[in-house]
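**Q** Next up is a structure, given as structure tokens.
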Amino acid sequence: MIDVRYFAWLRERIGERSEQIETNATTVADLIEELRTRSEAHALAFSDMASVRVALDQELTDMDAPLGNTREVAFFPPMTGG
Amino acid sequence: MSIRVQSQPFDMGFEVQAFTDSVPGAGAVVTFSGLVRDEGGSLGAMEIEHYPGMTEKALQSICDEAIERWSLTDALIIHRHGKLSPGEQIMMVATAARHRSDAFEGAEFLMDFLKSRAPFWKKEFTGDGAEWVDAKQSDEEALERWGSET
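So the sequences go chain by chain: A and B. Residue 30 in this note's numbering sits at position 30 of the first sequence, with consecutive numbering throughout. Residue 12 in this note's numbering sits at position 12 of the second sequence, with consecutive numbering throughout.
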């Protein structure tokens, strides 16, 4: 069981802050493939991957990263702090 | 070192004085604060979302790196979230060092990194509706001069 969290427009497009996912995915990219099949909203949210960033257990990483024992995956657009 | 992520406003004068009082060996204190631009009167409000937990960790790691690289005496980051009005303070950084060049560079480094590596997202509310602010390519390029992987 993995906790998937969404922020900013990904959260709005998907309509959820987080969801618990049962998955056999081994990488972030595999997990995204699975998430895309959950609903049209998910497919739309993950349609432009140039605008999506990912963090595993609150550390920024890239789409090829292995999930390993990750408990929390977060997807969000490029950050705009400051 | 101090990291604060909060929805309440902060008093810049008070914070700078308290920070300065806490770094007796320093010869220089540099401070910066970022405000909500009114965009020529078109902006009604700004909302800042963040990722509690990761935000603090990311700011901590950026702060650690700045202290190490510029031998800072100390550094402070305060960043707000929630709904803000034009003219309000969004965030501030303060750095202290023995000499001013380290304090200035350390502060610039903190600003460059927290703009695109700390999990904050800005949404602007205008008369036409609400829109998420796009990240700027120039912010990404600003990181390159530091040659760091943070």
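The beta carbon of each residue, even a glycine, is placed where N, CA and C say it ideally should be. Bear in mind that the values here come from a model prediction, so they are computed numbers and not experimental data.
Kindly indicate the opening and closing residues of the beta strand (DSSP E) around B:L35.
**A** Per DSSP, B:L35 belongs to the beta strand (DSSP E) from 28 to 35.
**Q** Rounded to the nearest angstrom, how far is the Cβ of A:T27 from that of A:L67, given a contact under 8 angstroms?
**A** Correct: roughly 6 angstroms between the Cβ atoms.
**Q** By how many angstroms is the C-alpha of A:F76 removed from the C-alpha of A:A50?
**A** Distance between the alpha carbons of A:A50 and A:F76: 11 angstroms.
**Q** Could you round the C-beta distance between A:A45 and A:I14 to whole angstroms and report it? I think they count as a contact, below 8 angstroms.
**A** Rounded, the Cβ-Cβ distance is 5 angstroms, consistent with contact.
**Q** Mind reading off the beta-carbon distance from B:P86 to B:D134? Whole number of angstroms is fine, and I expect it under 8 angstroms.
**A** That pair is no contact at about 19 angstroms.
**Q** Does the beta carbon of B:F125 sit closer than 9 angstroms to a beta carbon anywhere in chain A?
**A** Not closer than 9 angstroms to any Cβ of chain A, the Cβ of B:F125 fails to qualify, so no.
**Q** Using the C-alpha atoms, what's the distance from B:G44 back to B:T150?
**A** Note on B:T150: pLDDT 49, under 50, position unreliable in the model; the coordinate value appears next. So the two alpha carbons sit approximately 34 angstroms from each other.
**Q** Mind checking B:S116: buried by the 16 CB within 10 Å criterion, or exposed?
**A** When all chains shown are included, B:S116 counts as buried.
**Q** Going by alpha carbons, who is nearest to B:F10 out of B:R98, B:G82, B:P52, B:M92?
**A** Of the listed residues, the one whose Cα sits closest to B:F10 is B:M92.
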